[in-house]
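There are 2 protein chains.
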Amino acid sequence: MKSLPPLVFAAVGLDHRHSYDQVQSLLDVGGTCVGWWTEGTPKTLDGFVRRFPQIPRVDDRRRLLEDPRVELVTCAAIPCDRANHAIEAMRAGKDFMSDKPGVTTFEQLDAVRRAQQETKRIWTVNFTERFEVRAVTRALDLVRDGAIGDVVQTVGLGPHRENRALRDPWFYDKSKYGGILVDIASHQIDQFLVFAGVTDADITLARAQNVAHPDDPAYEDFGEIALASGKASAYIRVDWFTPDGLPTWGDGRLFIYGTKGTIELRKYVDPDGRPGKDHLFLIDGKETRHIDCSDAGLPYYANLHRDIVERTETAMPQAHAYKVCELALAAQARAERRDVAA
Amino acid sequence: MKSLPPLVFAAVGLDHRHSYDQVQSLLDVGGTCVGWWTEGTPKTLDGFVRRFPQIPRVDDRRRLLEDPRVELVTCAAIPCDRANHAIEAMRAGKDFMSDKPGVTTFEQLDAVRRAQQETKRIWTVNFTERFEVRAVTRALDLVRDGAIGDVVQTVGLGPHRENRALRDPWFYDKSKYGGILVDIASHQIDQFLVFAGVTDADITLARAQNVAHPDDPAYEDFGEIALASGKASAYIRVDWFTPDGLPTWGDGRLFIYGTKGTIELRKYVDPDGRPGKDHLFLIDGKETRHIDCSDAGLPYYANLHRDIVERTETAMPQAHAYKVCELALAAQARAERRDVAA
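If you read the sequences in order, they're chains A and B.
For the first sequence, position 205 (counting from the first letter as 1) is numbered 205 according to the working numbering, and the numbering increases by one without interruption.
For the second sequence, position 220 (counting from the first letter as 1) is numbered 562 according to the working numbering, and the numbering increases by one without interruption.
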């Protein structure tokens, strides 16, 4: 492959810690961050400045949007504000990488799509539970090589740590984060479509609840979605109940059941087991074995860089980004109708 | 506790290998098996005779039913025949322990219930995935002691090995085994009710499919159920796709998510991990730790023995046995309506 010109980018909205990963990963593929903007002083700010003291803050984000060097704007603003940032950036001629969720309403999704189609910019949602997880890269290679036959089902278990002390008020306000299915279950919708190799799915179950946070009435602490597409199906469950005794934010698992084998990912920790993260267990017709995936790649960022230069869709097909958001919004709406009916 | 008179029992129907466990476990609590009857020569027969050469076969099961010494009849007949055996045994004055599923239709359930209520006999369904699993005993103790707070959700992953060479034709005939949800998902319905401490649940999802057995049209190889009861919920998935490389029949997992902690059971194997079975992982506010449950008890059989003598319901409340069957049948019916609609 011919080498690409270095990527120049800016960061708009640091409200979620994912901004740290976004910026670091883009620096890792040779990018230069010309500056960052955020509103006020979110609790994430100190950590960002500590990690990236060399990157300057700008007071008016138009300085970044009007900077002709900037090709890509990354965004981890409050979820309900991300669509506006995306539209603004694309109208200014920039490609846009959003933290998930990229949008929190169908209206935002429509507006983003319209702006993207009119400007021909890239609008990508960084599903960190795939793009930042080496074990997922390896699992996708195995599945695509036929290691487990046809995919029958994916089961994703996604407990998350609430971390109240680190959260700003938007975290407890559904009108701002969009609901638990839109917010953190969207990761697993993405993974199902990719592992099953399908472009759409039916929602067969969607529920969201506030189980144990009576003092935060606009919070959802548990959610689940089931999907079906052809002969493949998915079950997705998320919560905010990770216990403090776990040494990381969540015991994220992904089981991929095939007609000829099974893969289990212990993505971030193997509880009281092997050290480190990115554990893959493959059970096939011959054996049961652990595969350490710490040497697997994270191709999303380099692919995105190339897409920006060559106007391709290798990091994530544009239609896939929309479909994941659409399914997450539809699941959230269905869960809410159920709440009203119950 | 005062010691009980030894239990005398008989075995009727050996069509499923669970007959081995039933008889062995009753012998282990001091029982005496006066004889067994089965129709024809199921593939399970040789294994039974090899394990229990001292127990005589009878040609006419009435000899067992009319034997005044016999207090309990155990049954692992073809599933669709178990209800008739139960009714016959209870009408003959015997208590009855069925392999799961105890019934395959609502009509059978009604008939069994009527016979049980009229005769005041015990009708119990031996849910081996609870009663034969020491890790479940320990997990129940922990949950009831408050180790993980309130139960938010159970997630049961139940792959099973098809083992075609060992199966008789009924295994592939839904009219005989009742459908995959009735057959093998009933285990997990039982576990949800027990772990959540509830007596009923709503079915929020039920699907059953033939994904990869086109030559066995009356077979279901994948199924899933979701349940909700109050603030607790359950997800249950089963299949017949255990790969040959797994050293046991299935990588059965149970995740119990609570408001204050999580328990994971790796019931039968820890894939490429610790040796043996009955692995429990507890994550609470303080730590993450593995607990070997090989020293936990299996109280079902001893409790049943006492129930038979004292006419109590400690092994399993009678209403619970009916409720699990009713939910499994209702889920199966819902899955079939969906198939027809699709």
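All residues carry an ideal CB built from backbone N, CA and C; glycine is no exception.
{"Asked": "Residues that DSSP places opposite Gly630 (chain B) in a beta bridge", "Found": "This sequence places Thr at residue 630 (chain B); Gly is not what is there. Per DSSP, B:Ile625."}
{"Asked": "Cβ-Cβ distance between Pro695 (chain B) and Gly520 (chain B) below 8 Å", "Found": "The displayed coordinates of chain B run from 343 to 684. Any statement about residue 695 (chain B) would go beyond what the structure contains."}
{"Asked": "Neighbourhood of Arg392 (chain B) by C-beta distance below 7 Å, restricted to the same chain and skipping five residues each side", "Found": "none"}
{"Asked": "Pro585 (chain B) at chain A interface by Cβ criterion, 8 Å", "Found": "yes"}
{"Asked": "Local conformation of Asn468 (chain B) per DSSP, three classes", "Found": "strand"}
{"Asked": "Residues bridged to Ile526 (chain B) [DSSP beta-bridge criterion]", "Found": "According to DSSP, Ile526 (chain B) bridges with nothing at all."}
{"Asked": "Pair within 8 Å by beta-carbon distance, Ala86 (chain A) and Val112 (chain A)", "Found": "yes"}
{"Asked": "Under 8 Å from the C-beta of Pro589 (chain B): neighbouring residues of chain A", "Found": "Thr288"}
{"Asked": "Selected residue, minimal CA-CA separation from Lys462 (chain B), among B:Ala670, B:Glu655, B:Ala673 and B:Lys665", "Found": "B:Glu655"}
{"Asked": "Residue(s) in a DSSP beta bridge with Tyr301 (chain A)", "Found": "BP columns for Tyr301 (chain A) are empty, so no partner."}
{"Asked": "Cβ of Gly603 (chain B) within 8 Å of any chain A Cβ", "Found": "yes"}
{"Asked": "Alpha-carbon spacing of His305 (chain B) relative to Leu624 (chain B), whole angstroms", "Found": "An answer regarding residue 305 (chain B) cannot be provided, because it is not within the stretch 343 to 684 covered by chain B."}
{"Asked": "Those residues which DSSP pairs with Gly498 (chain B) across a bridge", "Found": "B:Ile578 and B:Leu596"}
{"Asked": "Classification of Asn468 (chain B) by the beta-carbon crowding that lies within 10 angstroms, buried from 16 upward", "Found": "buried"}
{"Asked": "Beta carbon of Thr546 (chain B) nearer than 8 Å to that of Ala568 (chain B)", "Found": "yes"}
{"Asked": "Helix, strand or coil at Trp512 (chain B) according to DSSP, with G and I counted as helix", "Found": "helix"}
{"Asked": "The stretch 475-498 of chain B: positions lying closer than 9 Å to chain A by Cβ", "Found": "Ile490, Gly491, Asp492, Val494, Gln495 and Val497"}
{"Asked": "Through-space distance from Ala328 (chain A) to Ile464 (chain B), alpha-carbon basis", "Found": "48 Å"}
{"Asked": "Proximity to Val445 (chain B) [Cα-Cα], best of B:Gly435, B:Glu460 and B:Ile420", "Found": "B:Ile420"}
{"Asked": "Closest residue to Pro501 (chain B) among A:Lys231, A:Ile263, A:Ser294 and A:Trp37 (Cα-Cα distance)", "Found": "A:Ile263"}
{"Asked": "Within-8 Å CB hit, Ala538 (chain B) to chain A", "Found": "no"}
{"Asked": "Beta-carbon proximity check, Ala554 (chain B) vs Asp563 (chain B), cutoff 8 Å", "Found": "yes"}
{"Asked": "Val155 (chain A), buried or exposed, once every other Cβ within 10 Å from all chains shown has been counted against 16", "Found": "buried"}
{"Asked": "Cross-strand partners of Thr343 (chain A) (DSSP beta bridge)", "Found": "No statement about residue 343 (chain A) is possible, as the shown extent of chain A runs from 1 to 342 and does not include it."}
{"Asked": "Chain A residues whose Cβ lies nearer than 8 Å to that of Gly435 (chain B)", "Found": "Correct list: empty, because the minimum Cβ distance to chain A is about 46 Å."}
{"Asked": "Sequence-distant residues of the same chain with beta carbon closer than 7 Å to Leu14 (chain A), five excluded per side", "Found": "Trp36, Thr38, Pro42, Thr44, Leu45, Phe48 and Ala76"}
{"Asked": "Own chain residues within Cβ distance below 6 Å of Val12 (chain A), not counting five before or after", "Found": "Trp37, Arg61, Val73, Cys75 and His85"}
{"Asked": "Chain A contacts made by the stretch 638-657 of chain B, where a contact means CB separation under 7 Å", "Found": "none"}
{"Asked": "Length of the line joining the Cα atoms of Tyr643 (chain B) and Thr259 (chain A)", "Found": "37 Å"}
{"Asked": "Residue environment, Val651 (chain B), which counts as buried when at least 16 other CB atoms sit within 10 Å", "Found": "exposed"}
{"Asked": "Selection of the stretch 159-185 of chain A by Cβ proximity to chain B, strictly under 9 Å", "Found": "Pro159"}
{"Asked": "Outcome for Ala683 (chain B) when other beta-carbon atoms lying within 10 angstroms are tallied against a minimum of 16", "Found": "Summary for Ala683 (chain B): the model assigns pLDDT 44, below 50, so the residue's position carries little reliability, and this model does not support an answer."}
{"Asked": "C-beta neighbour in chain A for Arg608 (chain B), strict 8 Å", "Found": "no"}
{"Asked": "Straight-line gap, Leu349 (chain B) to Ala434 (chain B) (C-alpha atoms, nearest Å)", "Found": "17 Å"}
{"Asked": "Nearest candidate by alpha-carbon position, reference Ser571 (chain B), set B:Asp525, B:Gly372, B:Phe537 and B:Phe597", "Found": "B:Phe537"}
{"Asked": "Contacting positions in the stretch 81-110 of chain A - beta carbon closer than 9 Å to chain B", "Found": "none"}
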